[in-house]
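Written below as structure tokens is the structure these notes are about.
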Amino acid sequence: DPKLVMQAVTDDGDALRFASEALRGDRDVVERAISKTGLALRWAAEGLRADEEIARSAVGGLRCLPFVGGLALGFVSGAARASRAVADAAVASNGLAVAWVDAALVDDDLVKLALENTFDASTPLRALHLSPSQADLVRESDELRERVGPAVARAVASALAGEKAETADEEIINTNVAS
Numbered sequence: 017d018p019k020l021v022m023q024a025v026t027d028d029g030d031a032l033r034f035a036s037e038a039l040r041g042d043r044d045v046v047e048r049a050i051s052k053t054g055l056a057l058r059w060a061a062e063g064l065r066a067d068e069e070i071a072r073s074a075v076g077g078l079r080c081l082p083f084v085g086g087l088a089l090g091f092v093s094g095a096a097r098a099s100r101a102v103a104d105a106a107v108a109s110n111g112l113a114v115a116w117v118d119a120a121l122v123d124d125d126l127v128k129l130a131l132e133n134t135f136d137a138s139t140p141l142r143a144l145h146l147s148p149s150q151a152d153l154v155r156e157s158d159e160l161r162e163r164v165g166p167a168v169a170r171a172v173a174s175a176l177a178g179e180k181a182e183t184a185d186e187e188i189i190n191t192n193v194a195s
């Protein structure tokens, strides 16, 4: 029953998983579900998972738990997966979403956006999947130095670049980056 499904996804977006295939392909039903949680995108029909507008909405994180939205990028498919607008929305919502961004879209600007929307002292930076050359962005990040101090910022950048730790403190940071 379409009305029952619409009410269910209004209450809990993840209820989309119990909908029929036809309703998983209904744009209105899917939009309502992802308005509650972007991760409901995983239950949407393939055609809607590849729709750029639906994908941007799902990854944008304009919900009560904004950091979850970006992770919905893992469920985006087709042309929407290769969209810079979708990648930017996901990474702005959660920097860790950069792990699911099409490699052709990952440039310095996207890495900076990921760092701005991810880093805190407990985040394993390995999760960002940065290349060693992108470690320089960390080294040069005024915002990161401001948050954690210049010595820690240098140590994090060195660890990301795969350089050997020179101090005990750097060794601890390297362990966090590698975990």
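Just so we're on the same page, the numbering used here is the position in the sequence shown counted from 1, plus 16.
Idealized CB from N, CA, C, for every residue including glycine.
C-beta atoms of residue i and residue j nearer than 8 Å
i    : j    : result
V107 : G86  : yes
A61  : G41  : yes
L64  : V92  : no
V117 : L129 : no
A96  : D67  : yes
R72  : A105 : yes
S109 : V75  : yes
Nearest-angstrom Cα separation, counted from residue j out to residue i
i    : j    : result
A49  : T26  : 6 Å
A137 : V114 : Interpretation of A137 is limited by its pLDDT of 43, a score under 50 that renders its predicted location unreliable; no figure is taken from the coordinates.
R33  : A88  : 15 Å
A120 : G94  : 14 Å
D123 : G90  : 19 Å
E69  : D44  : 12 Å
L39  : K19  : 10 Å
A35  : Q23  : 11 Å
A31  : R100 : 29 Å
E37  : V21  : 12 Å
L141 : D17  : Bear in mind that the predicted position of L141 carries a pLDDT of just 49, short of 50, making it unreliable; the figure below should be weighed with that in mind. Near 46 Å, if we compare the C-alpha coordinates of D17 and L141.
Candidates the options: closest to residue i by CA position
i    : options               : result
G29  : D118, A38, R43, G54   : G54
E132 : S99, G111, D124, L121 : G111
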